[in-house]
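For reference, the structure discussed in these notes is given below.
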Amino acid sequence: MGTAIEMLGISPPQAMEFSKKVDEQESIVDDEYLKAKALLLKYDSELGVATLLILKDLLECMERIADTCADTADYIRVLAIGK
36 MGTAIEMLGI SPPQAMEFSK KVDEQESIVD DEYLKAKALL LKYDSELGVA TLLILKDLLE
96 CMERIADTCA DTADYIRVLA IGK
């Protein structure tokens with residue numbers, strides 16, 4: 036993400052490429068998020084309620100961070116197109 040932002044002022048086409056990589060990584064995070072949620076359901080009886088809630092909150096936080104990065108990558112592309 037940082038490299039994409041840095042490239043905006045140096046090379047907008049490279050900024051676009053780096054922002055696409057951010058989107059690819061966000062897609063991977065989405066897939067892993069769904070797998071991890073399935074694991075929480077699978078092992079819910081082995082984990083305590085407090086542990087489940089903490090893990091659920093952690094997963095959701097990580098998903099929100101990835102989504103925010105993808106949103107930022109979209110903004111980078113808009114700015115790169117305008118240059």
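Per the numbering used here, the sequence shown runs over residues 36 to 118. Here a beta-carbon is modelled for each residue, glycine too, at the ideal position from N, C-alpha and C. Quantities reported herein were computed from a predicted structural model and do not represent experimental measurements.
- Judged by beta-carbon spacing, D92 lies beyond the 9 angstroms limit of S54, meaning their Cβ atoms are not closer than that value.
- The Cβ atoms of Q60 and A115 do not sit closer than 9 angstroms to each other.
- For D66, the closest C-alpha among the options T107, G117, V113, M97 is that of M97.
- In the DSSP annotation of this structure, the continuous segment of the alpha helix (DSSP H) that includes S62 starts and ends at 47-77.
- Taking 9 angstroms as the cut-off, the beta carbon of V57 is found no closer than this to the beta carbon of M42.
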